[in-house]
C-alpha cells in the first residue's frame, strides 16, 4: 500500500481519494481474512496447507500490486475497485466531474 | 516429502523407517494446521495476514527440507524428530541396535 500525494489534485480531492483508497484496501483485507478462515477450517493434509500458502502468495502479490496510490494510473485503480465492488462511486464524491466520469466509464469495462 | 529406498537397510528396517517417517510427517502437518487455525482467528489487519504468509513460507521451507528420506542423513533426521517429540524411540523399534543407539544419542544433543 503506497503513500504519497496526487500531484495536480486539490487538497480536498486528495482527501477523498485517500479515504476511498484506504477503505477499499481494508475491505480487500477483510475479504482475504474471511477466505483464510474458511480455508483453514478445511485443512486436512500437507497438500491443502501448501495450497493455502500458494493462495496467500498470489493474493499478497495481487493486493500489493493493485493498491498503488500514485497519480499515474490512480483513475484506473479506482475503476477496478468499483468494478470489483470494493468501492462504490458514491465514495468518490468530491472528485471533479471529469475524473468521476472517467472512473465510472472504465469501471464498466 | 521424499520417497525412495534406504540402501543397505533390510526390508523390515525400511518398513519401520518409512512408517515412522510418515507418522512424524503427519504430526508435523497436524501441528502446523493447528497453528494456522489459531493464527487465522487472530487476523485483524494486513500486517497480520502478511505475517501469516511469512510464517507459512518458513514452515513450508523447513518441513520440505527436514523430511528427506534418503540414506545419507536419515539417522540424523530421525534424531531431530525424536528430539522435537514428533517421534518416539519406540516407534523405531525394529531398526538394528546400532542405528537405534546412534539415533538415541544424537537426539539428546
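Protein chains in written order, with the working numbering: chain V, 1 to 109; chain R, 110 to 218.
Using N, Cα and C, we set each Cβ at its ideal position, and we do this for glycine too.
Checklist entry - CB-CB under 6 Å to residue 81 (chain V), same chain, minus the five flanking residues each way: which ones, in chain order? => result Residue mapping note: residue 81 (chain V) aligns to position 81 of the first chain, counting from 1. Within the same chain, residue 81 (chain V) has close Cβ partners 24, 87.
Checklist entry - Between which two residues does the alpha helix (DSSP H) harbouring residue 197 (chain R) extend? => result Within the second chain, numbered from 1, the residue matching residue 197 (chain R) stands at position 88. Neither: residue 197 (chain R) is in no alpha helix (DSSP H) and is coded neither H nor E.
Checklist entry - For residue 152 (chain R), which residues from the same chain have a beta carbon less than 8 Å from its beta carbon, with the 5 sequence-adjacent residues on both sides left out? => result Reading the second chain from its first residue, position 43 is the one you call residue 152 (chain R). The residues are 158, 161.
Checklist entry - Nearest CA to the CA of residue 209 (chain R): which residue from R:193, R:183, R:142? => result The count along the second chain starts at 1 and reaches residue 209 (chain R) at position 100. Cα-wise, what sits closest to residue 209 (chain R) is R:183.
Item to check | Residue interval of the alpha helix (DSSP H) (run including residue 64 (chain V)) | outcome: Taking the first chain and counting its residues from 1, the one referred to as residue 64 (chain V) is at position 64. Counting along the chain, the alpha helix (DSSP H) containing residue 64 (chain V) begins and ends at 46-66.
Item to check | Start and end residues, alpha helix (DSSP H) containing residue 187 (chain R) | outcome: If you number the second chain from 1, residue 187 (chain R) lands on position 78. First-last of the alpha helix (DSSP H) with residue 187 (chain R): 183-192.
Item to check | Partners in chain R for residue 36 (chain V), counting only beta-carbon separations shorter than 8 Å | outcome: Taking the first residue of the first chain as 1, we reach residue 36 (chain V) at position 36. Residues of chain R passing the Cβ test: 149, 152, 158, 161.
Checklist entry - Is the beta carbon of residue 20 (chain V) less than 8 Å from the beta carbon of residue 67 (chain V)? => result Indexing the first chain from 1 puts residue 20 (chain V) at position 20. Indexing the first chain from 1 puts residue 67 (chain V) at position 67. Not in contact: residue 20 (chain V) and residue 67 (chain V) (Cβ atoms no closer than 8 Å).
Next on the checklist: On the DSSP letters alone, give me the boundaries of the alpha helix (DSSP H) that residue 22 (chain V) sits inside.
Outcome noted: Locating residue 22 (chain V) in the first chain gives position 22, where the first residue counts as 1. Segment 11-42, the alpha helix (DSSP H) holding residue 22 (chain V).
Checklist entry - Quick one: which chain V residues come within Cβ less than 8 Å of residue 169 (chain R)? => result The residue labelled residue 169 (chain R) in the question sits at position 60 within the second chain. Within 8 Å Cβ-Cβ: 49, 50, 53.
Checklist entry - residue 146 (chain R) and residue 40 (chain V) look like a contact to me (Cβ under 8 Å); what is the Cβ gap, rounded to whole Å? => result Numbered from its first residue, the second chain carries residue 146 (chain R) at position 37. Numbered from its first residue, the first chain carries residue 40 (chain V) at position 40. That pair is a contact at about 5 Å.
Checklist entry - What residues in its chain sit with their C-beta under 7 Å from that of residue 94 (chain V), if we drop five residues either side in the sequence? => result What you label residue 94 (chain V) is simply residue 94 of the first chain in a count that begins at 1. Counting only Cβ-Cβ distances below 7 Å, and skipping sequence neighbours, we find 12, 13, 16.
Checklist entry - Per DSSP, what kind of secondary structure is residue 209 (chain R) in: helix, strand or coil? => result Walking along the second chain from the start, residue 209 (chain R) turns up at place 100. Helix, per DSSP.
Item to check | residue 29 (chain V) versus V:103, V:63, V:71, V:98, residue with shortest Cα-Cα distance | outcome: Residue 29 (chain V) sits at position 29 when you count from the first residue of the first chain. For residue 29 (chain V), the nearest C-alpha among the options comes from V:63.
Item to check | Whole-angstrom distance between residue 104 (chain V) and residue 76 (chain V), CA atom to CA atom | outcome: In the first chain, residue 76 (chain V) corresponds to position 76, counting from 1. In the first chain, residue 104 (chain V) corresponds to position 104, counting from 1. When rounded, the distance between both Cα atoms is 10 Å.
Checklist entry - If you draw a straight line from the alpha carbon of residue 58 (chain V) to that of residue 32 (chain V), how long is it in whole angstroms? => result What you label residue 58 (chain V) is simply residue 58 of the first chain in a count that begins at 1. What you label residue 32 (chain V) is simply residue 32 of the first chain in a count that begins at 1. Computed Cα separation, rounded: 11 Å.
Checklist entry - Which residues, in order along the segment 64-93 of chain V, keep a beta-carbon less than 8 Å from a beta-carbon of chain R? => result none
Item to check | Proximity winner among R:179, R:193, R:174, relative to residue 117 (chain R) (alpha-carbon distances) | outcome: Locating residue 117 (chain R) in the second chain gives position 8, where the first residue counts as 1. For the residues R:179, R:193, R:174, the minimum Cα distance to residue 117 (chain R) belongs to R:179.
Checklist entry - Does residue 97 (chain V) have its Cβ less than 8 Å from a Cβ in chain R? => result On the first chain, position 97 is the one that residue 97 (chain V) refers to. No, no contact with chain R.
Checklist entry - Tell me, which residues are paired with residue 115 (chain R) by DSSP? => result Position 6 of the second chain, counted from the start, is the residue given in the question as residue 115 (chain R). Paired residue(s): none; residue 115 (chain R) is not in a bridge.
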